[in-house]
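Shown next, in structure tokens, is the structure this report addresses.
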Amino acid sequence: MQMIGNYINGEIVPPVGGAFLDDYDPSTGQVYAQVPDSDGQDLERAVAAASAAFETWGRTPNAERSRVLMKLADLIEQHAEQLALAECIDNGKPLTLCKSLDIPRASQNFRHFATMIQHDRSDLHPIDRDALNYTLRRPRGVCGIISPWNLPLYLLTWKVAPALAAGNTVIAKPSEVTPMTAHLLAGLCQQAGLPEGVLNIVHGYGPKVGAALVEHPGVPTISFTGSTRAGGEINRAAAPLFKKVGLEMGGKNPNIVFADADPEAALAGSLRAAFANQGQVCLCGSRLFVEHSIYDEFVRAYVSKAKQMVVGDPLEERSDLGAVVSKPQLEKDAHYIDVAREEGGEVWCGGAPVRPAGRCQDGWFFPPTVITGLGPQCRVNQEEIFGPIVSIMPFKDEAEVIAAANSTNYGLAASVWTRDVSRAHRVADAIESGTVWVNCWMIRDLRVPFGGMKQSGIGREGGQEAMRFYTEPKNVCLKI
Ligand code: NAD
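In my numbering, the protein residues as written are 22 to 501.
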């Protein structure tokens, strides 16, 4: 049994209270590690360490902070195989995806922000020849970072990297469902020579140690990625304390295929958008709108391809989909199939858990599932499922599909497939979401603002937006 520890003040330590939670391998359904069930005592230690470290780290020259973070990126790359395997076992996603997406992106996150601080600049606003305003941006102190299970190391480092680069210290609370890569990152921080207390990682339940982090008066900044439900709780808890809060939350993303789209690109892109990472990406296109003149043909081709996708052992290269992350998520996926049938939907493929033979026979696997016949207002098309389930709907024209696309409480991302450039601009402009991809899905540029509208988020991450979030601007007005 592998034992995970908290990372506090540069050391990997057991929780003060001695309690642990089970960590499961979703591909076998077996417990394979123990993760700290931390409480307020562990958090107090982390806050003390992070507060003390801020005195020095916040004044460390940018070039030195950059050097340490680049070293960490190097170490992630040197240990990429080990990290990818750990993520595959902890999360259930295909090893090929861990190797090609999650782990490379984790090192890119550090490289991106470590180089960005080397090119820092600030604004100057002269008032004629009478006065100069200049803006100082300083780190805010201890940041609380709370991350989800679907892209565990990728999303944790997406927040940790800019926070540390800007000169803050951090207490990270990874998902208790997938803690292993954060634990390995702690070991790499030690090797990289990251000063003690600069990054602290406290494991455990969200409503317990996560909530304690949000409520702690010594942590003025909270950055959260996860469900809209938990984001709401965090926002309510932080509001009376006047904390700076960034929330990246759920999505119910529309994927719109016009009749003039490149059919092969739209088909391949829409399949990827629905089923990548078992449909467990906040950006997944789970509502697929297809223009009526190509609808029947598109659905036939889509279902045929979905049926060919291989669901199986995530360690095997041939597996397109691995296990879903947990038993509750498997049950949630199955529950929404019942809801779809009650609402009058037709299930064309998938629709029930599967058991691959051999090593994974007790694992949690759900196949690509395609549903038709449901209107945009049905629960299946309004509520985030976060599994490999897509609902396809026909539409007549641009106005109808824009209204349907915008009809949920979410506004995270969208895709539009068309060869008409003017239409692409019009539709992209009209869709209420933080990101719109045209003729693609999930091309990510770390410089651009990333985040959601409506109940998908408050604030933006990425590039300058992140550096602004993790710093406090101060205007100095100098009379000449
Ligand atoms: P979750 O909200 O259950 O948990 C996310 C994190 O918050 C975990 O670390 C959890 O322990 C913690 N947490 C839960 N309740 C808390 C509380 N009351 N106080 C403090 N911390 C708390 O989400 P999840 O199931 O891990 O992840 C899936 C969700 O994340 C989906 O809704 C998905 O759309 C969303 N997500 C969003 C983005 C984005 O960028 N917008 C990216 C990835 C995932």
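Quick reminder that beta carbons are idealized off the backbone N, C-alpha and C, glycines included.
Pairwise C-alpha distance: residue j and residue i
i       : j       : result
Cys-164 : Ala-186 : 12 Å
Tyr-323 : Met-330 : 11 Å
Asp-123 : Glu-482 : 18 Å
Gly-473 : Arg-465 : 15 Å
Leu-176 : Leu-153 : 40 Å
Cys-461 : Leu-304 : 12 Å
His-140 : Ala-258 : 36 Å
Gln-398 : Asn-427 : 11 Å
Pro-228 : Arg-293 : 33 Å
Gly-188 : Glu-493 : 11 Å
Gln-485 : Pro-470 : 8 Å
Val-320 : Ala-287 : 12 Å
Trp-170 : Glu-363 : 30 Å
Ala-20  : Glu-367 : Lying before the first or after the last residue shown, residue 20 is absent from the chain, which here runs from 22 to 501.
Gly-306 : Val-457 : 11 Å
Glu-405 : Arg-80  : 43 Å
Ile-410 : Tyr-316 : 18 Å
Tyr-491 : Ala-289 : 38 Å
Phe-416 : Gly-394 : 12 Å
Thr-178 : Leu-93  : 11 Å
Gly-113 : Arg-444 : 39 Å
Gly-39  : Gln-212 : 26 Å
Glu-318 : Met-91  : 50 Å
Pro-241 : Lys-265 : 6 Å
Leu-262 : Pro-47  : 38 Å
Leu-172 : Glu-285 : 28 Å
Sequence-distant residues of the same chain with beta carbon closer than 6 Å to residue i, five excluded per side
i       : result
Thr-190 : Ala-71, Ala-74, Phe-75, Trp-78, Val-163 and Val-219
Tyr-155 : Leu-145 and Val-497
Cys-370 : Val-324, Ala-327, Lys-328 and Val-391
Ala-207 : Tyr-28, Ile-33 and Ile-222
Arg-126 : Tyr-175
Met-502 : Given that the chain is displayed from residue 22 to residue 501, the structure contains no residue 502 and the question cannot be resolved.
Arg-66  : Ile-29
Thr-246 : Ser-168, Pro-169, Leu-176 and Glu-269
Gln-299 : Leu-342, Val-345 and Pro-409
Ala-361 : Ile-392 and Val-401
Pro-115 : Pro-335, Ser-340 and Gly-343
Gly-478 : Leu-268, Glu-269, Met-270 and Gly-472
Asp-111 : Thr-199 and Met-201
Neighbour flag for residue i against chain C, beta carbons, 7 Å
i       : result
Arg-150 : Protein chain content of the structure displayed is limited to a single chain, and chain C is not contained in it.
Secondary structure of residue i, DSSP reduced to three states
i       : result
Phe-134 : helix
Val-240 : coil
Lys-284 : The sequence given here has Pro at residue 284, not Lys. It is helical.
Ala-54  : strand
Gln-99  : helix
Cys-305 : coil
Asp-63  : helix
Ser-314 : helix
Asn-496 : strand
Ala-40  : coil
Met-330 : coil
Trp-78  : helix
Gln-485 : helix
Asn-27  : strand
Leu-122 : helix
Cys-109 : helix
Leu-336 : coil
CB-CB length for residue i against residue j, believed under 8 Å
i       : j       : result
Ile-423 : Ile-392 : Incorrect: roughly 22 Å between the Cβ atoms, too far for contact.
Ser-244 : Lys-180 : 5 Å
Gln-301 : Gly-408 : 7 Å
Leu-209 : His-100 : 6 Å
Pro-389 : Leu-433 : At roughly 21 Å, the Cβ-Cβ gap does not stay under 8 Å, so Pro-389 and Leu-433 are not in contact.
Phe-386 : Val-332 : 5 Å
Met-488 : Met-24  : Actually they do not touch by this definition, with Cβ atoms about 36 Å apart.
Gly-272 : Tyr-53  : Wrong, their Cβ atoms sit about 30 Å apart, outside the cutoff.
Leu-467 : Gln-129 : 7 Å
Close beta carbons around residue i, own chain, < 8 Å, minus the five adjacent residues each side
i       : result
Glu-217 : Asn-30, Gly-31, Glu-32, Ala-70 and Ala-74
Asp-283 : Trp-438, Arg-440 and Asn-460
Gly-225 : Pro-36, Leu-42, Val-56, Pro-57, Asp-58, Ser-59, Asp-60, Asp-63, Lys-194, Glu-197 and Gly-231
Thr-49  : Arg-380, Cys-381, Asp-383 and Gly-384
Arg-376 : Gln-382, Asp-383, Gly-384 and Phe-386
Arg-159 : Gly-79, Gly-188, Thr-492, Glu-493 and Lys-495
Nonlocal neighbours in the same chain, by C-beta distance under 7 Å from residue i, ignoring five residues either side
i       : result
Ala-107 : Met-201, Thr-202 and Leu-205
Ala-355 : Ala-373 and Pro-374
Leu-351 : Val-345, Pro-374, Trp-385 and Phe-387
His-237 : Leu-64 and Val-68
Residue i beta carbon near the ligand FMN (any heavy atom closer than 6 Å)
i       : result
Ala-251 : This structure simply doesn't include the ligand FMN; it includes the ligand NAD instead.
Query raised in the report: Can you give, in chain order, each stretch of the alpha helix (DSSP H) that sits fully within the stretch 248-303 and has at least 4 residues?
Result: 249-259 and 284-296
Query raised in the report: Taking only runs of the beta strand (DSSP E) that begin and end inside the stretch 345-418, which ones reach a length of at least 3 residues, in chain order?
Result: 367-370, 390-393 and 410-416
Query raised in the report: Enumerated in chain order, which unbroken segments of the alpha helix (DSSP H) with a length of 4 residues or greater are wholly contained in the stretch 205-230?
Result: Complete alpha helix (DSSP H) runs here, min 4: none at all.
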